[in-house]
Amino acid sequence: MKNILLVDDDREVSRSIMGLFDSGKFQFTHIEDGPSVESVLKARKNVDVLMLDVNLPSMSGLDLLKRIHKDHDKLPIIIISGDVSTENAIEAMREGAFEYLTKPFEIDRLIGAVNRACGVMRKEESATVITSQRSASPAEVSEKRQNEVSEFDEIIGRSPEIVEIAKLVGHIARTDAPTLIFGEPGTGKELIARAIHRNSSRRVAPFLTANCSSLADTLLESEIFGHEKGAFTGAYYKRLGKLEQADHGTLFFDEVADLSLMLQAKLLRSIEQSSFERVGGAEKMTSDARIIAATSKSLVHAMKEGAFRVDLFYRLKIVSIYMPPLRDRKGDVPLLTEYFLKKFALEMNRPVPTIEPEAQQILENYNWPGNVRELENNIHTALVMAKGDEIRCEDLPISTEGAVALEQDPEVFEADQIEFFQKIIEPLMPKLAASNEGNIYNSVHSAMERALISSALKLYGSNQVKTSEALGISRNTLRDRIARYNLY
Ligand SMILES: Nc1ncnc2c1ncn2[C@@H]1O[C@H](COP(=O)(O)OP(=O)(O)OP(=O)(O)O)[C@@H](O)[C@H]1O
Ligand SMILES: [Mg+2]
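One gets the working numbering by counting positions in the sequence shown from 1 and adding 49 to each.
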């Protein structure tokens, strides 16, 4: 029999949670507010799992979590939250929650979490990620308060993807594990890196960025590792590298795929041996900087090409976080829009404008190839362009350039289509020429035909009559292509 202590003031929710579990195997104790939880835990030593609501009548479940976790560090605590701010998810995991669930529940997740909590000693489960924990010395605290949190550093989003990422941020902020963040440009990789730093005990030390794509190799080397006076022509002074400056803090390697093989080797050595030399120096230097790397290019591809070291890859990705493109979490667009409207209105010192429903619709329909950064820039432009207190369609750059025009004007669509395919094919041309010379036309043509027919079939639920009509080809031709391309 497993004993579960459930703390939630919502009786309906509590009843439905308890109803999900076999009363022969799980015994629930239900209390509706926080103050008595600690005395209940003291009186009854046999609680296996604590389920804690965030919004309790007289206190916050997150504050309670901190206190209880201190005295009962082996007790798995599942936080249940009706509020979906990512800050709560980060905080809960950072403070040692076993799991963080949002209401309304996905039943499978809830049952899964309770089962895992009952079966697994939490220390063991998290051992794969947590390498060590440290707290900042008072000297660090007083010395370097340079990473002040701005109101606009928040991770905005309610999609399950973003909530999972926020949980991971809270969890790994408790560790020093090297972390690799990958995802398309503009998805928020740097934002996440900063959030990890800000939520860790390193927050009082610097967060520094080494941009691996912006500098020539030798400059980048001295930027990261520093140099001694006279190390090269023009090195009049000794320079501390970012690795040293970020001691006890975090060093963020942005676009790490662009790091040269020489610097990859040097970075790997410095991670493995926990020491490095400044350029032109022989002394072994050490740094306790946490390393977070980000890439928008595929490192797997780079490794295949021999452009990225496999051993460094594994060193960097002790934990990895994938930032999904905005088009895969479009549910976050309205929230992000509201957030950026507020941000730029504040910057421009004017009231926060509303947005007309058609314009909102455009934002939600668009597929955001430039991800959150593109949305942010669009909102910025819209605010500059807006004449009154309302953002209208014509204020949005994308409405005039693409999405809407596409829907409304077939001629523009024609032109756009050519441009669209051109963008895809042009970069492929050299490869096609190398591998397919003499047969490029046929091979691209069939690939295109196959993709078109397969997409149309999908759109019309495999109905061949509708598909052939829509495509403007005979049913015989359609059947022939289905067979040729094996599209059954
Ligand atoms: N979930 C989010 N909530 C709020 N702001 C976000 C979010 N995701 C991204 N942003 C904002 O979008 C912009 C781009 O994010 P960021 O620079 O972190 O992305 P990136 O993946 O590093 O992009 P790039 O590859 O272009 O450098 C930033 O201004 C960031 O604050
Ligand atoms: Mg970036």
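Where a beta carbon is used, it is the ideal one built from N, C-alpha and C, also for glycine.
Given the structure is predicted, the values throughout are model-derived calculations rather than measurements.
>> Between V218 and ligand 1, is there a pair consisting of the residue's CB and a ligand heavy atom that are separated by less than 7 Å?
In response: no
> Are there three or more Cβ pairs, one per stretch, closer than 8 Å when the stretch 295-313 is compared with the stretch 260-268?
Replying inline: yes
>> The alpha helix (DSSP H) that contains D157, what's its start and end?
In response: 156-168
>> Taking only three categories from DSSP, how would you classify R364?
In response: helix
>> At a cut-off of 7 Å, would you count A343 as near ligand 2, judging by its Cβ distance to the nearest heavy atom?
In response: yes
>> Looking at A342: is its Cβ nearer than 8 Å to the Cβ of L229?
In response: The beta carbons of A342 and L229 sit closer together than 8 Å.
> The alpha helix (DSSP H) with T386 in it runs from where to where?
Replying inline: 382-396
>> Tell me the DSSP secondary structure of D102 in three-state form.
In response: D102: strand per DSSP, three-state reduction.
>> Am I right that V62 and I80 are in contact with their C-beta atoms under 8 Å? What's the rounded C-beta distance?
In response: About 14 Å separates the two Cβ atoms, so there is no contact after all.
>> Does the contact criterion of 3 or more C-beta pairs under 8 Å hold for the stretch 133-151 versus the stretch 218-235?
In response: yes
>> Buried or exposed for E456, going by 16 or more other Cβ atoms inside 10 Å?
In response: Any reading at E456 must be qualified, since the residue scores a pLDDT of 44, below 50, and its modelled position is unreliable; the value itself is stated next. By the neighbour-count rule (16 or more Cβ atoms within 10 Å), E456 is not buried but exposed.
>> Pull the bridge partners of Q76 from the DSSP assignment, please.
In response: N52
> Hey, V89 and G237: beta-carbon distance below 8 Å or not?
Replying inline: no
> Buried or exposed: Y537, going by 16 or more other Cβ atoms within 10 Å of its Cβ?
Replying inline: exposed
>> Please state the DSSP three-state secondary structure of A342.
In response: Per DSSP, reduced to three states, the secondary structure at A342 is strand.
> By Cβ distance, which residues of its chain are closer than 8 Å to N535, with the 5 residues on each side in sequence left out?
Replying inline: none
> Residue range of the alpha helix (DSSP H) that E518 falls in?
Replying inline: 513-520
> So, is the C-beta of F393 closer than 8 Å to a C-beta in chain B?
Replying inline: Considering every chain present, this structure includes no chain B. It has just one protein chain.
>> Suppose only complete runs of 4+ residues qualify. What are the alpha helix (DSSP H) ranges in the stretch 292-340, listed by chain order?
In response: 310-322
> Among the residues of its own chain, which have a CB less than 6 Å from the CB of L375, if the five just before and after it don't count?
Replying inline: W417, N420, V421
> With 16 other CB atoms within 10 Å as the buried threshold, where does Q313 fall?
Replying inline: buried
> Name the DSSP bridge partner or partners of H276?
Replying inline: R288, V328
>> Out of S492, F75, V382, K507, which one is the CA nearest neighbour of I211?
In response: Measuring from the Cα of I211, the nearest candidate turns out to be V382.
>> Given a cut-off of 8 Å on the beta-carbon distance, is the pair T430 and I404 in contact?
In response: Against a cut-off of 8 Å, the Cβ pair of I404 and T430 comes out as no contact.
> Could you give the C-beta distance for F231 and T344, rounded to a whole number, given that I count them as a contact under 8 Å?
Replying inline: 5 Å
>> In this structure, how does DSSP classify Q457 when only helix, strand and coil are distinguished?
In response: Low confidence applies to Q457: its pLDDT is 42, below 50, so where it sits in the model is not reliable enough to give any reading.
> I think L99 touches L54, with their Cβ atoms under 8 Å apart; what is that distance to the nearest whole Å?
Replying inline: 5 Å
>> Closest to V433 by C-alpha separation, out of P402, Q409, E407, would be which residue?
In response: P402
> CB I370 to CB I241, shorter than 8 Å?
Replying inline: yes
>> Within a Cβ cutoff of 8 Å, which residues of the same chain sit near D524, ignoring the five residues on either side of it in sequence?
In response: It is worth fixing the name first, because residue 524 is Arg in this sequence and not Asp. The residues are Q513, V514, S517.
> Are I447 and I411 close, meaning C-beta to C-beta below 8 Å?
Replying inline: Their beta carbons are under 8 Å apart, which means I447 touches I411 by this criterion.
> Residue range of the beta strand (DSSP E) that N260 falls in?
Replying inline: 256-260
>> Contact defined as beta carbons within less than 8 Å: I believe V103 pairs with D132. What is the distance between those atoms, to the nearest angstrom?
In response: Confirmed, about 6 Å.
> Enumerated in chain order, which unbroken segments of the alpha helix (DSSP H) with a length of 4 residues or greater are wholly contained in the stretch 479-513?
Replying inline: Those alpha helix (DSSP H) runs which fall completely within the stretch 479-513 and span 4+ residues are 489-508.
>> Using only the alpha-carbon positions, how far apart do I66 and I531 sit?
In response: 49 Å
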